[in-house]
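Colleague: The structure under discussion is supplied below as C-alpha cells; questions concerning it will follow.
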Amino acid sequence: MKNKNSDITVSNNSNQNLLYNFTKIFKMKRILFLIIFTIISNNFYSQDVPTSERNALISIFNNMNGANWSAGSKLNWNTSNPVSTWAGVNVFEDDNGQFHVYLLELLDNNLKGSIPTSIQNLPYLNRIFIGYGSISSIPNELGNLTNLNELLIISSGSIQLPTTIQNLNNLNLIRLEATTGNIILPSTFGNLKNLNTLMLSAPLLSSFPSSTTNLKNTLTRLEIDNNKISTFPSEISDLLNLQYLRFTYNGNLTSIPTNFSNLSKLEFLSIIDTNKKITCDNPTFFSSFPNLNTISFIGVNTSKYFDLSQNKMLKTVLIDSEKLEVVNFSNGTNNLTNEFTNKFGDTLLKNIKCVSVDNPTNAQSGTSPYNYWTVNWFNNTKNYLSDCSAFLSTANISKPNLKIFPNPVKNIVHIESEGNKINGEIYSTNGQFLKLVSSKEINISDLKKGIYILKLNTENGILTQKIIKE
Numbered sequence: 007m008k009n010k011n012s013d014i015t016v017s018n019n020s021n022q023n024l025l026y027n028f029t030k031i032f033k034m035k036r037i038l039f040l041i042i043f044t045i046i047s048n049n050f051y052s053q054d055v056p057t058s059e060r061n062a063l064i065s066i067f068n069n070m071n072g073a074n075w076s077a078g079s080k081l082n083w084n085t086s087n088p089v090s091t092w093a094g095v096n097v098f099e100d101d102n103g104q105f106h107v108y109l110l111e112l113l114d115n116n117l118k119g120s121i122p123t124s125i126q127n128l129p130y131l132n133r134i135f136i137g138y139g140s141i142s143s144i145p146n147e148l149g150n151l152t153n154l155n156e157l158l159i160i161s162s163g164s165i166q167l168p169t170t171i172q173n174l175n176n177l178n179l180i181r182l183e184a185t186t187g188n189i190i191l192p193s194t195f196g197n198l199k200n201l202n203t204l205m206l207s208a209p210l211l212s213s214f215p216s217s218t219t220n221l222k223n224t225l226t227r228l229e230i231d232n233n234k235i236s237t238f239p240s241e242i243s244d245l246l247n248l249q250y251l252r253f254t255y256n257g258n259l260t261s262i263p264t265n266f267s268n269l270s271k272l273e274f275l276s277i278i279d280t281n282k283k284i285t286c287d288n289p290t291f292f293s294s295f296p297n298l299n300t301i302s303f304i305g306v307n308t309s310k311y312f313d314l315s316q317n318k319m320l321k322t323v324l325i326d327s328e329k330l331e332v333v334n335f336s337n338g339t340n341n342l343t344n345e346f347t348n349k350f351g352d353t354l355l356k357n358i359k360c361v362s363v364d365n366p367t368n369a370q371s372g373t374s375p376y377n378y379w380t381v382n383w384f385n386n387t388k389n390y391l392s393d394c395s396a397f398l399s400t401a402n403i404s405k406p407n408l409k410i411f412p413n414p415v416k417n418i419v420h421i422e423s424e425g426n427k428i429n430g431e432i433y434s435t436n437g438q439f440l441k442l443v444s445s446k447e448i449n450i451s452d453l454k455k456g457i458y459i460l461k462l463n464t465e466n467g468i469l470t471q472k473i474i475k476e
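Our numbering numbers the first residue of the sequence shown as 7 and each following residue consecutively.
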C-alpha cells in the first residue's frame, strides 16, 4: 500500500510484526518484574528466625502484658511479619544464612509479669534490656543464655537474680535498678568470670554480696546508687582493678574505710550523700589515687583542707562541701589544658578562702583554663595563690580576741589584740611577699589599690586576713 502523502510504502505485515514484538517484550518485562518482586518478597520474609525463637518472643509478649504495651513498643509483635521488624528486636545472620535474635530491648511502663522460662529458647541473645515496668520474677533458665554479654533490668519492684547467673561466662555488664524495692544477688554471682561492669540502684538495698571480692581481677566499673547500705562495703577495697566508682547514698553511713587507698587504679571517683552524713576528714585522701581524672564529692563532710597536688591527671573536680576552705591544686598540670571543669565549696555558704594553683596570675585574672572554674569564695573575694599554707592554721586563733581595722583601709591598718607581740607578713594575692609586719600599726600607704593577704603570728596562733587597700 502506498501512502498518498509520501513515497514510503508500509506493508501490513510489518505493522503486525512490530505489534507482535512489542507485545512479546512487554510480557517478558512483566514476567521479569514478577520474578524480581517474588525474589525480593521471599527474601524479605525469609529473613526470619527459627520457630522456637519466634515462639519464645510470643511467650514474652503474652507473659508480660504485651497487649497493653504502647503502640511503639509492640509494633509488629505477635504478627506474621518477620521478627526483625518487631519493635526492640534485632537479628543477625549466621554462616549458614539462618537468622537469630541477638538483642532484645523492651522499654515500656506497661511491662508486667514474669520473664517466661522459654527465654532459654533465645540462645543467641547478646543483650537483654527489659525495663520501666514491674517484673515479678526472673527464671533459672536465664542461666542457659551463655552468649549473653549485657543484662539490664529496671523494675518498679524488687529484683532477684537466679543462682544460675554463674553460668553466664560471657556476661560483662549487669545493670539492675529496682525503683522502689531491693536487689538480691545470689552468692554464685561472684563466680562470673568476665564481669567488668556492675551497676546497682535500689532504695532498699542494705547489703553488698561478699562474693563480689571474687571479681577483683575483672571488675573495673562499679556504681551503687540510691541505697541504704549501713556499712561501707569492705569488699570494694578488694577490687584492685577498679577504675570507676560511683556511690550515691541516702542512708546512715558515716565514714569511708581507710583501706580504700588500695584502689590505686581509680580514674573516676564519685561519692554523693543526700543526708550529708558521710565524713572524709583526711586532707590527703586523694593522694592514694594518682590516676584520678574525675572527683565528685557532694554532701560529704570533708576536712577544711584537701591536697590534690599528687593528682596530676585531674581534669574535673566537684567538691561541694560546707566545711572545705583551702585546696592545694598545685599539681603541675592544671594550667596545661582547657578541659578543666572544676567547682569548690558550698554554693550557699561560700566558704573557700584559698586555692593554690600552678599559675596564680592567670587564675586570678580568669584567663584560660581557669575561666572554666567555679569557686564559691568566702566574702566573694577571689584568692588564688601559689601557696595557701598561711590559711591552714586560722582555726587555732580566737578571733574575738583580735581585731583588724579599718578594712577597707587607705593607709594605716590597726591591730587590736590581748597579746603584745605581733609579727607577720603581707603578700599579694598571687603569693608574692611584700613586707614584714612587726607592730600593731601597719603602714600600707606605699601599696597600690587592691587586695592583699595579711598573715599574723600572734601569741594566740596564726591568723590570715584579706585586706582591701583603697
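C-beta atoms are modelled at their ideal positions from N, C-alpha and C, and glycine is treated no differently.
These numbers come from a predicted model, not from an experiment.
Once you ignore the five residues that flank residue 217 on each side, which residues in its own chain have a CB closer than 7 Å to its CB?
Modeller: The residues are 193, 195, 196.
Colleague: Which of the three DSSP states, helix, strand or coil, is assigned to residue 301?
Modeller: Here residue 301 sits in strand by DSSP.
Colleague: Would you grab the beta carbon distance between residue 241 and residue 205 for me? Rounded to a whole angstrom, and I think it's under 8 Å.
Modeller: The pair is not a contact, with the Cβ atoms about 16 Å apart (cut-off 8 Å).
Colleague: If you check the beta carbons only, do residue 116 and residue 162 fall under 8 Å apart?
Modeller: Cβ atoms of residue 116 and residue 162: not closer than 8 Å.
Colleague: Could you check which residue in 104, 79, 73, 81 has the C-alpha nearest to that of residue 57?
Modeller: Ranking the options by Cα distance to residue 57, first place goes to 104.
Colleague: Go through its chain and collect everything with a Cβ distance to residue 359's Cβ below 7 Å, but skip five positions before and after it.
Modeller: The answer, listed in chain order, is 331, 332, 384, 389, 397.
Colleague: For residue 201, which residues in the same chain have their Cβ closer than 8 Å to its Cβ, ignoring the five residues on either side in sequence?
Modeller: Within the same chain, residue 201 has close Cβ partners 177, 178, 179, 180, 221, 224, 225.
Colleague: Within the same chain, show all residues whose beta-carbon is closer than 8 Å to that of residue 152, passing over the 5 residues directly before and after it, in chain order.
Modeller: Result list for residue 152: 129, 173, 174, 175, 176, in chain order.
Colleague: Report back the beta-carbon spacing between residue 309 and residue 287 to the nearest angstrom; my notes put them in contact at under 8 Å.
Modeller: That belief holds up - the Cβ atoms of residue 309 and residue 287 are roughly 4 Å apart, short of 8 Å.
Colleague: Go ahead and label residue 313 buried or exposed: buried means 16 or more other beta carbons lie within 10 angstroms of its beta carbon, across all protein chains shown.
Modeller: Buried, because 16 or more other Cβ atoms sit within 10 Å of the Cβ of residue 313.
Colleague: Is the beta carbon of residue 125 less than 8 Å from the beta carbon of residue 66?
Modeller: A contact, by the Cβ cut-off of 8 Å.
Colleague: Where does residue 188 sit, in a helix, a strand or coil, going by DSSP?
Modeller: Residue 188 falls in the coil class under three-state DSSP.
Colleague: Could you spell out where the beta strand (DSSP E) holding residue 408 opens and where it closes?
Modeller: First-last of the beta strand (DSSP E) with residue 408: 408-411.
Colleague: Under the assumption that residue 251 contacts residue 272 (Cβ atoms under 8 Å), give the Cβ distance between them as a whole number of angstroms.
Modeller: With a Cβ gap of about 6 Å, residue 251 and residue 272 count as contacting.
Colleague: Nearest CA to the CA of residue 387: which residue from 263, 243, 473, 294?
Modeller: Among 263, 243, 473, 294, the Cα nearest to that of residue 387 is on 473.
Colleague: Which residue marks the beginning of the beta strand (DSSP E) containing residue 135, and which one marks its end?
Modeller: 133-141 is the span of the beta strand (DSSP E), which, as asked, contains residue 135.
Colleague: By the 10 Å Cβ neighbour count, where 16 or more other Cβ atoms means buried, how is residue 375 classified, buried or exposed?
Modeller: Label assigned to residue 375: buried.
Colleague: Residue 141: which of 155, 470, 188, 322 sits nearest, CA to CA?
Modeller: If we check each option's Cα against that of residue 141, 188 comes out closest.
Colleague: So residue 301 and residue 275 are in contact, right, with Cβ under 8 Å, and what is the actual spacing, rounded?
Modeller: 6 Å between Cβ atoms; contact.
Colleague: Excluding sequence positions up to five away, which residues of its chain have a Cβ less than 6 Å from the Cβ of residue 458?
Modeller: Same-chain partners within the cutoff: 432, 473.
Colleague: Can you tell me the Cα-Cα spacing of residue 303 and residue 207, whole angstroms?
Modeller: So the alpha carbons of these two residues sit roughly 19 Å apart.
Colleague: On the DSSP bridge assignment, give the partners of residue 422 in chain order.
Modeller: Note: residue 422 sits in a beta bridge opposite 409.
Colleague: Just tell me which of 74, 107, 108, 60 has its CA closest to the CA of residue 85.
Modeller: Checked all of 74, 107, 108, 60; the closest Cα to residue 85 is 60.
Colleague: Tell me the DSSP secondary structure of residue 294 in three-state form.
Modeller: In this structure, residue 294 counts as helix in the three-state DSSP scheme.
Colleague: Please classify residue 429 as buried or exposed, where buried requires at least 16 neighbouring CB atoms within 10 angstroms.
Modeller: When all chains shown are included, residue 429 counts as exposed.
Colleague: Just reading off the beta strand (DSSP E) that residue 486 is part of, what are its end residues?
Modeller: The question about residue 486 has no answer here: the residues shown for the chain are numbered 7 through 476.
Colleague: How far does the alpha helix (DSSP H) with residue 254 in it extend, from its first residue to its last?
Modeller: That residue, residue 254, is in no alpha helix (DSSP H); its beta strand (DSSP E) goes 250-255.
Colleague: Using CA coordinates, which residue listed in 470, 55, 131 is at the minimum distance from residue 102?
Modeller: Nearest option by C-alpha distance: 55.
Colleague: Could you check where the alpha helix (DSSP H) with residue 63 kicks off and where it finishes?
Modeller: Here the alpha helix (DSSP H) through residue 63 covers 57-69.
Colleague: Once you ignore the five residues that flank residue 119 on each side, which residues in its own chain have a CB closer than 7 Å to its CB?
Modeller: 69, 70, 71, 142, listed in sequence order.
Colleague: Is it true that the CB of residue 446 sits closer than 8 Å to the CB of residue 418?
Modeller: No. Outside cutoff.
Colleague: Rounded to the nearest angstrom, how far is the Cβ of residue 186 from that of residue 147, given a contact under 8 Å?
Modeller: Wrong, their Cβ atoms sit about 26 Å apart, outside the cutoff.
Colleague: Use the C-beta contact count for residue 183: other C-beta atoms within 10 angstroms, 16 or more gives buried, fewer gives exposed.
Modeller: Counting Cβ neighbours within 10 Å, residue 183 comes out buried, since at least 16 surround it.
Colleague: Since I believe residue 381 is in contact with residue 350 (beta carbons under 8 Å), could you give me their beta-carbon distance rounded to a whole number of angstroms?
Modeller: Confirmed, about 5 Å.
Colleague: Can you tell me which of the three DSSP states residue 170 falls into?
Modeller: It is helical.
Colleague: Taking all protein chains shown into account, do 16 or more other C-beta atoms lie within 10 angstroms of the C-beta of residue 266, making it buried, or fewer, making it exposed?
Modeller: So residue 266 counts as buried.
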